[in-house]
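K.L.:
First, the structure itself, so that you have it in front of you.
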Amino acid sequence: MELRRITDRVFYTMFSKESDRPTLGYINGEKRSLMVDAGNSKNHLESFNDAVNNEGFRKPGIIAITHWHWDHTFGMHAADGVTIAHQKTNAKLAEMAMWEWTDSEMKKRLAEKVEIEFADTCIRNEYPLLSEIRVVTSDLSFSGFMEIDLGGITAQLHHVASPHSEDSVCVLVPQERVLFIGDAVGLDYYNNCYLDKDKLRSLLTTIEGFDFDTCVVGHAEPVSKQKIVEVMHSLLER
Ligand SMILES: [Zn+2]
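Shown next, in the form of structure tokens:
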């Protein structure tokens, strides 16, 4: 895994399909640095930290979460820095922290439609030993909006309406004109892949209102502002 440069101060690591690892962001401030999403496991998070170390950068002191889905949050327990998530994200994580991660309990959650097939398959790919799964809530939580001064550069955490999940948070770095959106432009996989067009319209307005050049998405290559707006328009026309 290697850190890919977007600007001199903003980087990301690549997603991978096998166990649905999402892209992870790195925002390098003068005083501290921030990671966007915690990865889907301790292994994922540690690969990210190795990539950061290889560039001679410091480990992230803050880890901001875009939404509750396992692939973005199951690395949280292994992070050294302070984790930050939306209150709705934490509510869901608190629920999942009670779950047992055994073959039989996972099959039960699938049968009861608490969990979805795709996540179940990818979790099993990431974790040969299911007993290694740890789910935790974040150290800090917020609702609405939060701004973090990293030293010469800021990270703005915006809770946004999204058809993907109720707790979606976008991370805007105004100085570098980069926006991290996680999976916000996506279907609701936990609701039969439903696409709520009202929420998508609202998200489109929000994203159009942000001043940025590059949009980092959860499971694809970064795109331009124009491109993400086009994607949203084409989803609306479906
Ligand atoms: Zn997701």
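Position 214 (the sequence shown) corresponds to 214 in the UniProt record's numbering; numbering is contiguous. Each residue gets a CB set at the ideal place from its N, CA and C atoms; glycine is no exception.
What separation, rounded to the nearest whole angstrom, lies between the Cα atoms of G56 and A97?
P.N.:
Residue 56 sits at position 56 when you count from the first residue of the sequence shown. Residue 97 sits at position 97 when you count from the first residue of the sequence shown. Taking the straight line joining both Cα atoms gives about 34 Å.
K.L.:
State buried or exposed for F145, treating a residue as buried only when at least 16 other CB atoms are found within 10 Å of its CB.
P.N.:
Here residue 145 corresponds to residue number 145 of the sequence shown, with the count starting at 1. Classification of F145: exposed, given that the 10 Å Cβ count is below 16.
K.L.:
Exposed or buried, which one is C215 when buried takes at least 16 other CB atoms within 10 Å?
P.N.:
Taking the sequence shown and counting its residues from 1, one reaches residue 215 at position 215. When all chains shown are included, C215 counts as buried.
K.L.:
Find the nearest neighbour of H44 within the set A119, A64, T13, T66, judged by alpha-carbon distance.
P.N.:
On the sequence shown, residue 44 is found 44 positions in, with the first residue counted as 1. Considering only alpha carbons, the answer is T13.
K.L.:
Since A64 is in the beta strand (DSSP E), which residue starts that stretch and which ends it?
P.N.:
As a working note, residue 64 is residue 64 in the sequence shown. A64 -> beta strand (DSSP E) spans 62-64.
K.L.:
Can you find at least 3 beta carbon pairs, one from the region 133-153 and one from the region 182-193, that sit closer than 8 Å?
P.N.:
Short answer: they don't touch.
K.L.:
By a C-beta neighbour count over all protein chains shown, 10 Å radius and 16 as the cutoff for buried, is C193 buried or exposed?
P.N.:
For the purposes of this step, residue 193 is identified with residue 193 of the sequence shown, where counting begins at 1. When all chains shown are included, C193 counts as exposed.
K.L.:
Examine the Cβ distances between the region 80-94 and the region 106-114 and report whether three or more of them are shorter than 8 Å.
P.N.:
Touching, no.
K.L.:
In three-state DSSP terms, what is Y12?
P.N.:
In the sequence shown, the residue the question calls residue 12 occupies position 12. Note: Y12 maps to strand in three-state DSSP.
K.L.:
Tell me, please, which residues DSSP counts as bridged to D188.
P.N.:
Taking the sequence shown and counting its residues from 1, the one referred to as residue 188 is at position 188. According to DSSP, D188 bridges with Y194.
K.L.:
Does the structure place the region 59-67 close enough to the region 30-38 that three or more beta carbon pairs sit under 8 Å?
P.N.:
Cβ pair count under 8 Å is three or more, so yes.
K.L.:
Tell me, please, which residues DSSP counts as bridged to N28.
P.N.:
Residue 28 sits at position 28 when you count from the first residue of the sequence shown. Partner(s): S33.
K.L.:
For F212, which of V229, A78, G218 has the nearest alpha-carbon?
P.N.:
Along the sequence shown, one-based indexing puts residue 212 at 212. F212 has its Cα closest to that of V229, out of V229, A78, G218.
K.L.:
The beta strand (DSSP E) that contains H86, what's its start and end?
P.N.:
For the purposes of this step, residue 86 is taken as the residue at position 86 of the sequence shown. Start and end: 82-86.
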